[in-house]
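Undergrad: Residue numbers (our numbering): 1354 to 1788. No residue lacks a Cβ here, since even glycine has one placed at the ideal position from N, Cα and C. Before we start, here is the structure in question, set down as structure tokens.
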Amino acid sequence: MIPARSSFPPGFLFGAATSAYQIEGAGFGGAGVSHWDSFAATPGNTAGAQDGSRACEHVLRWEEDLDLLAGAGLDAYRFSTSWARVMPDGVTVNPEGLDFYDRLVDGMLSRGLKPFLTFYHWDMPSALAMRGGWQNREIVDHFAGFCRVVHGRIGDRIEAAATLNEPWCISWLSHFLGIHAPGLCDIRATGHAMHHVMLAHGTAVAALRADGMRDNLGLVLNFETAHPADDRPESVAAAARQDAIYNRWFVQAAMGQGYPALAMEGLEPHLPPRWQDDLAMIAQPLDWLGVNYYTRKLHTFDPGPWPQTAEVPGPLPKTQIGWEIRPEGLAEFLLRLKREHTGDLPLYVTENGLALADEAEDQGRIDYLAGHLQAARQAIAEGVDLRGFFYWSLLDNYEWSLGYGPRFGLIHVDYQTMRRMPKASWHALRAALRG
């Protein structure tokens, strides 16, 4: 059973999250071409060559979506702004795009929902991607300029804002593994992207502070438990390297702790020149940190090039897309962050959710949500200053390279008619929140 609202501290926020490209419909409202559009248009990159041109038509149906969010008894909505919608060429402002987000924020406030903004959730304008995107240092100033434009329009009404969502996906998944746009498999491109994405974050924080954003400014990172597949020393070492790349690189840099040595063993030769000079700018003080947690992976030694790690399937129950379900990992990360990195900095669970095959019975999602909320309660009981929990996702949506197959939503979306239908998990969460 999903824990009742009353079992959490007073003022604890419950919300749901989405991202622009996954739900809005990039073909509407004057949005420019993003690198996800061109990535999806390249054979073999996405399931069924599917893209976000239509998505969930949120640009046209946002009022209904906000009604469903408020109807569930949720307190807050975590959304993102599309860089390609606000600045189709990466530089010139599209008034129609800003007008949409203006209406969207007002719609949240009129329904009693607190707006949690993420400036960037992966849809870079193609014009900037063609100039190197995150590999090119000039992206840092372009990103800060984009954040300032958005803040100038809606910043007076948002509850909190994060610069970036999941820098690991922006840099490693997209430049080393090639699974997300721009689809590269190049360690030098990866090293540049992993540094520039953090420099862009810090530079944007400084710019937003200068523009008057004095509090409630943060960053959203994803964390994934990295366990050794067995007790062999080489497997233990492989899991430690994976942990350094995935879980420690970005949080250590943001908290002023530098880049982890285990990751630097492979990445330092591929970082931009004079990268050390940027560490102070990257470590701008934050007001909160967002934690995205879904799963754990088992790792073993791979005799190939660095990082010499390979994933091994684990024994635990799995989601529709093969991710192990392990709720206790959420509590472990929240406690680890407090102990090793963030101290007393407030934390939010900004994403946690289950991909489940579309079926009438939604009990698996209810159980998943209950287990992870229990883990959140455990972390709070052990001293973590956890302020809120956002389920991913409000709607079934475009799941990037996996297309429209995986369904994470509390609300079913019929992609032919765009009809929305709350699932059993939506009703269960509503009952827990409303008592």
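With DSSP run on the structure shown, which of helix, strand or coil describes L1709?
TA: As a first step, residue 1709 is located in the sequence shown; it is residue number 356 there, counting from the start. Note: L1709 maps to coil in three-state DSSP.
Undergrad: Taking the alpha helix (DSSP H) that M1774 belongs to, which residues open and close that run?
TA: Translated into positions along the sequence shown, residue 1774 becomes position 421. That residue, M1774, is in no alpha helix (DSSP H); its beta strand (DSSP E) goes R1773 to P1775.
Undergrad: Looking only at C-alpha atoms, which of D1697, A1402 and A1557 sits nearest to A1636?
TA: In the sequence shown, residue 1636 corresponds to position 283, counting from 1. Taking only the C-alpha atoms, the option nearest A1636 is A1557.
Undergrad: Taking the alpha-carbon of W1415 as reference, which of N1645, N1489 and I1376 has the nearest alpha-carbon?
TA: For this step, residue 1415 is matched to residue 62 along the sequence shown. Selected option, being the one with the closest Cα: I1376.
Undergrad: Could you tell me which of L1422, F1432 and P1396 sits nearest to E1704, measuring between CA atoms?
TA: For the purposes of this step, residue 1704 is identified with residue 351 of the sequence shown, where counting begins at 1. Of the candidates L1422, F1432 and P1396, the one whose C-alpha sits nearest the C-alpha of E1704 is F1432.
Undergrad: Considering only the alpha carbon of each residue, which of E1417, M1483, G1380 and W1659 lies closest to A1593?
TA: Here residue 1593 is taken as the residue at index 240 of the sequence shown, counted from 1. Measuring from the Cα of A1593, the nearest candidate turns out to be W1659.
Undergrad: Output the distance between the C-alpha atoms of A1777 and R1718, rounded to the nearest integer angstrom.
TA: As a first step, residue 1777 must be located in the sequence shown, where it is residue number 424. As a first step, residue 1718 must be located in the sequence shown, where it is residue number 365. About 9 Å.
Undergrad: Bridge partners for K1671 per DSSP, in chain order?
TA: As a first step, residue 1671 is located in the sequence shown; it is residue number 318 there, counting from the start. The partner list for K1671 (beta bridge, DSSP) reads E1677.
Undergrad: Determine the contact status of L1782 and L1763, defining contact as a CB-CB distance below 8 Å.
TA: Numbered from its first residue, the sequence shown carries residue 1782 at position 429. Numbered from its first residue, the sequence shown carries residue 1763 at position 410. Cβ distance < 8 Å, so L1782 and L1763 count as in contact.
Undergrad: At the level of alpha carbons, what is the spacing between G1706 and L1419?
TA: Counting from one through the sequence shown, the residue named residue 1706 turns up at place 353. Counting from one through the sequence shown, the residue named residue 1419 turns up at place 66. Each residue's alpha carbon lies about 19 Å from the other.
Undergrad: Give a yes or no on whether the C-beta atoms belonging to G1486 and I1492 are separated by under 8 Å.
TA: Here residue 1486 is taken as the residue at index 133 of the sequence shown, counted from 1. Here residue 1492 is taken as the residue at index 139 of the sequence shown, counted from 1. Cβ distance < 8 Å, so G1486 and I1492 count as in contact.
Undergrad: Using three-state DSSP, classify P1581 as helix, strand or coil.
TA: Here the question's residue 1581 lines up with position 228 in the sequence shown. Three-state DSSP puts P1581 in a strand.
Undergrad: I'd like the list of long-range same chain contacts for R1772, defined as Cβ closer than 7 Å, with 5 residues on each side in sequence excluded.
TA: Numbered from its first residue, the sequence shown carries residue 1772 at position 419. Around R1772: no qualifying Cβ.
Undergrad: Classify I1532 as helix, strand or coil using the three-state DSSP reduction.
TA: For the purposes of this step, residue 1532 is taken as residue 179 along the sequence shown, with counting starting at 1. Three-state result, I1532: coil.
Undergrad: Note the first and the last residue of the continuous beta strand (DSSP E) segment covering L1366.
TA: Residue 1366 sits at position 13 when you count from the first residue of the sequence shown. Here the beta strand (DSSP E) through L1366 covers L1366 to A1370.
Undergrad: What is the DSSP secondary structure of F1381, reduced to helix, strand or coil?
TA: Residue numbering aside, residue 1381 sits at position 28 when the sequence shown is read from its first letter. Looking at F1381 - three-state DSSP - the assignment turns out to be coil, as it is neither helix nor strand.
Undergrad: Rounded to a whole number of angstroms, what is the C-alpha to C-alpha distance between R1541 and G1675?
TA: The residue given as residue 1541 occupies position 188 in the sequence shown. The residue given as residue 1675 occupies position 322 in the sequence shown. Near 30 Å, if we compare the C-alpha coordinates of G1675 and R1541.
Undergrad: Can you tell me where the alpha helix (DSSP H) with I1376 in it begins and where it stops?
TA: Here residue 1376 refers to the residue found at position 23 when the sequence shown is read from its first residue. It spans A1373 to I1376 - the alpha helix (DSSP H) in which I1376 sits, taken as one unbroken run.
Undergrad: Give the straight-line distance between the Cα atoms of V1446 and P1656, rounded to the nearest whole angstrom.
TA: Within the sequence shown, residue 1446 is the residue found at index 93, counting from 1. Within the sequence shown, residue 1656 is the residue found at index 303, counting from 1. C-alpha separation (whole angstroms): 49 Å.
Undergrad: Could you check where the alpha helix (DSSP H) with L1470 kicks off and where it finishes?
TA: Here residue 1470 refers to the residue found at position 117 when the sequence shown is read from its first residue. L1470 -> not in any alpha helix (DSSP H); beta strand (DSSP E) instead, spanning K1467 to Y1473.
Undergrad: Find the nearest neighbour of L1574 within the set D1584, A1606, L1669 and Y1454, judged by alpha-carbon distance.
TA: Taking the sequence shown and counting its residues from 1, the one referred to as residue 1574 is at position 221. Per the Cα distances, A1606.
Undergrad: Using a threshold of 8 Å, state whether the C-beta atoms of S1387 and P1448 are closer than that.
TA: Position 34 of the sequence shown, counted from the start, is the residue given in the question as residue 1387. Position 95 of the sequence shown, counted from the start, is the residue given in the question as residue 1448. It is not a contact, given that the beta carbons lie outside the stated cut-off.
Undergrad: Report the start-end ranges of each beta strand (DSSP E) in the region 1676–1750 that is 3 residues or longer and not cut off at the edges.
TA: If we require 3 residues or more, the beta strand (DSSP E) runs fully inside the region 1676–1750 come out as 1700–1704 and 1739–1745.
Undergrad: M1461 to Q1716, Cα distance in whole Å?
TA: Residue 1461 sits at position 108 when you count from the first residue of the sequence shown. Residue 1716 sits at position 363 when you count from the first residue of the sequence shown. Between M1461 and Q1716, the C-alpha separation is close to 29 Å.
Undergrad: Who are the near neighbours of G1611 in its chain, counting only those whose CB is closer than 8 Å to its CB and skipping five residues on each side?
TA: As a working note, residue 1611 is residue 258 in the sequence shown. Only Q1605 and L1632 meet the Cβ criterion.
Undergrad: Take every Cβ of the region 1505–1518, pair it with every Cβ of the region 1576–1591, and state whether three or more of those distances are shorter than 8 Å.
TA: The region 1505–1518 vs the region 1576–1591: no contact.
Undergrad: Under three-state DSSP, which class holds Y1612?
TA: What you label residue 1612 is simply residue 259 of the sequence shown in a count that begins at 1. Of the three classes helix, strand and coil, the one that applies to Y1612 here is coil, per DSSP.
Undergrad: Relative to the alpha-carbon of L1336, which residue among R1627, W1628 and R1601 has its alpha-carbon at the smallest distance?
TA: Only positions 1354 to 1788 of the chain appear in the structure, and residue 1336 is not among them; the question remains open.
Undergrad: For the alpha helix (DSSP H) containing A1423, name the first residue and the last one.
TA: Position 70 of the sequence shown holds residue 1423. Segment H1411 to G1424, the alpha helix (DSSP H) holding A1423.
Undergrad: Which same chain residues end up closer than 6 Å to L1470 when comparing Cβ atoms and leaving out the 5 residues on each side of it in sequence?
TA: Within the sequence shown, the letter at position 117 stands for residue 1470. Answer for L1470: I1511 and A1514, listed in chain order.
Undergrad: In this structure, how does DSSP classify N1645 when only helix, strand and coil are distinguished?
TA: Here residue 1645 is taken as the residue at index 292 of the sequence shown, counted from 1. Looking at N1645 - three-state DSSP - the assignment turns out to be strand.
Undergrad: When DSSP labels each residue in this structure, what does E1664 get in the three-state scheme?
TA: Sequence index remark: in the sequence shown, residue 1664 carries index 311 (1-based). Note: E1664 maps to strand in three-state DSSP.
Undergrad: Buried or exposed: where does L1739 fall if 16 or more other Cβ atoms within 10 Å of its Cβ makes it buried?
TA: Sequence index remark: in the sequence shown, residue 1739 carries index 386 (1-based). By the neighbour-count rule (16 or more Cβ atoms within 10 Å), L1739 is buried.
Undergrad: Could you work out which residue in L1722, G1696 and V1444 is closest to D1640 when comparing CA atoms only?
TA: Taking the first residue of the sequence shown as position 1, residue 1640 is located at position 287. Of L1722, G1696 and V1444, the residue nearest in Cα terms is G1696.
Undergrad: How is A1785 classed by DSSP in three states: helix, strand or coil?
TA: Against the sequence shown, residue 1785 aligns to sequence position 432. Helix at A1785.
Undergrad: Considering only their Cβ atoms, is the gap separating T1648 from E1677 smaller than 8 Å?
TA: For the purposes of this step, residue 1677 is identified with residue 324 of the sequence shown, where counting begins at 1. For the purposes of this step, residue 1648 is identified with residue 295 of the sequence shown, where counting begins at 1. Contact flag set, yes.
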